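S.K.: If you scroll down you'll find the structure; I have some questions about it.
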Amino acid sequence: MAYCKDKDLEILASASDEDLQILVDYLIKDKDGSPRLTEELTLTEGYKKCPDKPSKYWQEIAGELQHFGGNSIANLVRNIFGNGEGVLYREILCDVCDKMKVNYNSKASIEIIEMNLLQKIIIDAIDKMNSEELKKIIDELDLKTTDFTKEALIAALQAGIFKGGFFAYQIAVIVANAVAKALLGRGLSLTANATITRAMGALAGPLGIALTALWTLVDIAGPAYRVTIPAVVQVAYIRMKTKEILRLESGRS
């Protein structure tokens, strides 16, 4: 299981151990928490030397994700005649978006495609909410709308997400936290970045609850997708967190 150099996974080099550990758990643990029989990450030298410090072996983590991505993408020619290597993150991300029925442009930037995915997950979660729940979400996220319909909420979410900044990071946190709670039984380590305290209400509010419930019930077809879908969500969160940290640091300089 070799890591194929991938500029879109280099972001893992700046991730915290806490954030990478969630990614590691997606890769090595099955849906019931038992060891995943097909994983090779725990056999690598990096993991064996520092199992509790995933930042020390981020390239092995990236390689394992590429490996699972290659297994989830339906390409008979590559599977039969290929060299057993994984695939680049862009291909994995687009494959996940196809699986999740995301509307996206495959030629767009990685960050935009990731945000399309996170937006689709949130829209799925709010699809059956009542007007009271929608109003709570609008208040918690401080959305600029006085219309409490689902359509207005989606429009405000889309505007906020693609404007970027803290709001886009907040959305990434809410989605990634819900997926981790549903699949691993624990959320993100939120003490690593004090700015997220502004989003704590949304994590425990109707949106966070609905997202967690949705992912608790979902049965993702195919063992490889049970890895790549939550893993891509975590990578998207790590990218947005890194961008937010850089934004805050540049503001202080």
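Numbering (this note's numbering), first residue to last: 66 to 318. Beta carbons: idealized from backbone N, C-alpha and C, even for Gly. Model, not experiment: these values are computed from the prediction.
1) Can you tell which of 98, 231, 249 and 209 has its C-alpha closest to the C-alpha of residue 312?
2) Can you say whether residue 211 is buried or exposed, counting buried as having 16 or more other CB atoms within 10 angstroms of its CB?
3) Mind checking whether residue 200 and residue 213 have CB atoms under 7 Å apart?
4) Counting Cβ pairs, one atom from each stretch, are 3 or more of them under 8 Å apart for the segment 150–157 and the segment 111–121?
5) Is it right to say residue 315 is buried, meaning 16 or more other beta carbons lie within 10 angstroms of its own, or is it exposed?
6) In angstroms, rounded to a whole number, what distance separates the CA positions of residue 185 and residue 136?
7) Figure out for me which residue from 203, 300 and 307 has the closest Cα to the Cα of residue 271.
8) Expressed to the nearest angstrom, what Euclidean distance is found between the alpha-carbon atoms of residue 300 and residue 278?
9) Is the segment 236–245 touching the segment 302–309 in the sense that three or more CB pairs, one from each, lie closer than 8 Å?
10) Spell out the partners DSSP gives residue 94 in its beta bridges.
11) Residue 101: which of 289, 165, 67 and 303 sits nearest, CA to CA?
12) Inspect the beta-carbon positions of residue 241 and residue 298 and report whether they are closer than 7 Å.
13) May I ask you to report which of helix, strand or coil DSSP gives residue 305?
14) What does a CB cutoff of less than 6 Å around residue 87 pick up in its chain, not counting 5 residues either side in sequence?
15) Could you tell me the alpha carbon to alpha carbon distance between residue 74 and residue 127, rounded to whole angstroms?
16) Could you compute how far the alpha carbon of residue 145 sits from the alpha carbon of residue 171?
17) Using a Cβ-Cβ cut-off of 8 Å (strictly less than) and excluding sequence neighbours within five positions of residue 24, which residues of its own chain qualify?
18) Sorted by chain position, which residues of the same chain lie with C-beta nearer than 8 Å to residue 215's C-beta, five sequence neighbours on each side aside?
19) Reducing DSSP to helix, strand and coil, say where residue 170 ends up.
M.R.: Taking the coordinates as given:
1) Counting from 1 along the sequence shown, the entry for residue 312 is found at position 247. Minimum Cα distance to residue 312 is reached at 231.
2) As a working note, residue 211 is residue 146 in the sequence shown. Result: exposed.
3) Taking the first residue of the sequence shown as position 1, residue 200 is located at position 135. Taking the first residue of the sequence shown as position 1, residue 213 is located at position 148. It is a contact, given that the beta carbons lie within the stated cut-off.
4) The answer is no - the segment 111–121 does not touch the segment 150–157, with fewer than three Cβ pairs under 8 Å.
5) As a position in the sequence shown, residue 315 is number 250, starting the count at 1. Exposed is the call here.
6) Position 120 of the sequence shown, counted from the start, is the residue given in the question as residue 185. Position 71 of the sequence shown, counted from the start, is the residue given in the question as residue 136. Approximately 24 Å between the Cα atoms of the pair.
7) Start at 1 with the first residue of the sequence shown, and residue 271 comes out as number 206. The shortest C-alpha separation from residue 271 is found at 203.
8) Within the sequence shown, numbered from 1, the residue matching residue 300 stands at position 235. Within the sequence shown, numbered from 1, the residue matching residue 278 stands at position 213. Approximately 21 Å, taken between the alpha carbons.
9) Touching, yes, given that three or more Cβ pairs across the two stretches are closer than 8 Å.
10) Numbered from 1 along the sequence shown, position 29 holds the residue referred to as residue 94. In the DSSP output, where bridge partners are listed per residue, residue 94 has 100.
11) In the sequence shown, the residue the question calls residue 101 occupies position 36. Residue nearest to residue 101 within the set 289, 165, 67 and 303 is 289 (criterion: CA-CA distance).
12) Translated into the one-based positions of the sequence shown, residue 241 becomes position 176. Translated into the one-based positions of the sequence shown, residue 298 becomes position 233. Cβ atoms of residue 241 and residue 298: closer than 7 Å.
13) Start at 1 with the first residue of the sequence shown, and residue 305 comes out as number 240. Residue state, collapsed to three classes: helix.
14) Within the sequence shown, numbered from 1, the residue matching residue 87 stands at position 22. So the qualifying residues of the chain are 245 and 299.
15) As a first step, residue 74 is located in the sequence shown; it is residue number 9 there, counting from the start. As a first step, residue 127 is located in the sequence shown; it is residue number 62 there, counting from the start. If you take the alpha carbons of residue 74 and residue 127, they lie about 7 Å apart.
16) If you number the sequence shown from 1, residue 145 lands on position 80. If you number the sequence shown from 1, residue 171 lands on position 106. With a pLDDT of 39 at residue 145, under the threshold of 50, the modelled position of that residue is not reliable, and no figure is offered here.
17) Not covered by the structure: residue 24. The range shown for the chain is 66 to 318.
18) Locating residue 215 in the sequence shown gives position 150, where the first residue counts as 1. Annotation for residue 215: 191, 192, 194 and 199 place their beta carbon closer than 8 Å to its own, counting only its chain and skipping 5 residues before and after.
19) Against the sequence shown, residue 170 aligns to sequence position 105. In the three-state DSSP reduction, residue 170 falls in the coil class, being neither helix nor strand.
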